[in-house]
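Chemist: In this note's numbering, the protein residues as written are 1291 to 1543.
1. For residue 1408, name the three-state secondary structure that DSSP assigns.
2. Thinking C-beta only, is residue 1406 closer than 7 Å to residue 1437?
3. Can you say whether residue 1319 is buried or exposed, counting buried as having 16 or more other CB atoms within 10 angstroms of its CB?
4. Measure from the alpha carbon of residue 1387 to the alpha carbon of each residue in 1305, 1365, 1430 and 1445, then state which is nearest.
5. Determine the direct distance from the alpha carbon of residue 1402 to that of residue 1360, and round the result to whole angstroms.
6. In the structure shown, what three-state DSSP assignment does residue 1314 receive?
7. So residue 1370 and residue 1523 are supposed to be a Cβ contact under 8 Å. How far apart are they, rounded?
8. Do residue 1532 and residue 1517 have their beta-carbon atoms positioned less than 7 Å apart in this structure?
9. Ignore the nearest five residues each way along the sequence and tell me which others in residue 1466's own chain have a CB closer than 6 Å to its CB.
10. Given a cut-off of 7 Å on the beta-carbon distance, is the pair residue 1356 and residue 1316 in contact?
11. At what residues does the beta strand (DSSP E) containing residue 1515 begin and finish?
12. From 1539, 1458, 1482 and 1494, pick the residue whose C-alpha is nearest to that of residue 1445; which is it?
13. Would you identify the three-state DSSP class for residue 1322, choosing helix, strand or coil?
14. On the DSSP letters alone, give me the boundaries of the beta strand (DSSP E) that residue 1566 sits inside.
15. Label residue 1295 either buried or exposed according to how many other C-beta atoms from any shown protein chain fall within 10 Å of its C-beta, with 16 as the threshold for buried.
16. Could you give the residue range of the beta strand (DSSP E) that holds residue 1489?
17. So the beta strand (DSSP E) residue 1361 belongs to, where does it begin and stop?
18. Hey, is residue 1411 close to the ligand NAD, as in C-beta under 6 Å from one of its heavy atoms?
19. On a Cα-Cα basis, can you pick out the residue from 1423, 1349 and 1345 that is closest to residue 1457?
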């Protein structure tokens, strides 16, 4: 099938609101540059100009990506950090516009609620989960989502009660699949809160065999697996190792 026909089908699906299903989110490439200095996950940030947004979207398309993972609350995690779509309406408005453009370009969109380096914003989210998730929903930031991830490296900052509040608040406004993500390794304390577990390994340990073992571990829990982060930039071989092991998607394509 030609790329032009693919784009036409994507546009038709968009205008009919036929968003890609959770298990059609196969190829994503979320970082580039020295030590992940270029952050594709932050393309909703108001600190990124429209031109920079377009540049990063073009880069993802050039790598053959079909999925864009995007962060909604990010206080200081990498390039473009310092925004909160839950408490700033203008930020949410820009994010909704950019998500709409991603869908028109044929991408499945996977919103992540918050990053691990968000300090006071994380405390605010845990204390006001119902209000903040309702705000994100009303802004339309879940409308075109294929699934939604609770947070980046969740075991680094929130406890079980706090993340459960966020999960309950999300499911009150979102009827689709929910993802969870942890720090590197097979300790997955919040796996029970999600339908999809996004795996991560220290790049020094990320061999095809180790990746296959992690994907197997996740699937043994009865969860769908994503081989999300195994390198600080594109790494087609490691991404493919996750897909070959049964992952529904990857983050280093």
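Where is the CB? At the ideal position from N, CA and C, for every residue including glycine.
Given the structure is predicted, the values throughout are model-derived calculations rather than measurements.
Modeler: Checking against the coordinates, here is how it stands:
1. DSSP, read as helix, strand or coil, puts residue 1408 in coil.
2. Not a contact, by the Cβ cut-off of 7 Å.
3. With 16 or more other CB atoms across the displayed protein chains lying within 10 angstroms of its CB, residue 1319 is buried.
4. Sorting 1305, 1365, 1430 and 1445 by C-alpha distance to the C-alpha of residue 1387 places 1430 at the top.
5. Distance between the alpha carbons of residue 1360 and residue 1402 is about 6 Å.
6. Correct three-state label for residue 1314: helix.
7. No, residue 1370 and residue 1523 are not in contact; Cβ-Cβ is about 17 Å, not under 8 Å.
8. Their beta carbons are under 7 Å apart, which means residue 1517 touches residue 1532 by this criterion.
9. Counting only Cβ-Cβ distances below 6 Å, and skipping sequence neighbours, we find 1437.
10. Yes. Within cutoff.
11. Residues 1514-1519.
12. The shortest C-alpha separation from residue 1445 is found at 1482.
13. It is a strand residue.
14. Residue 1566 is absent from the structure shown; the chain starts at 1291 and stops at 1543.
15. With fewer than 16 Cβ atoms within 10 Å of its Cβ, residue 1295 is classed as exposed.
16. DSSP places residue 1489 inside the beta strand (DSSP E), whose first and last residues are 1486-1490.
17. In the DSSP annotation of this structure, the continuous segment of the beta strand (DSSP E) that includes residue 1361 starts and ends at 1357-1364.
18. Absence of the ligand NAD from the depicted structure is noted, as is the absence of any ligand whatsoever, leaving it without description.
19. Out of 1423, 1349 and 1345, 1423 has the C-alpha closest to the C-alpha of residue 1457.
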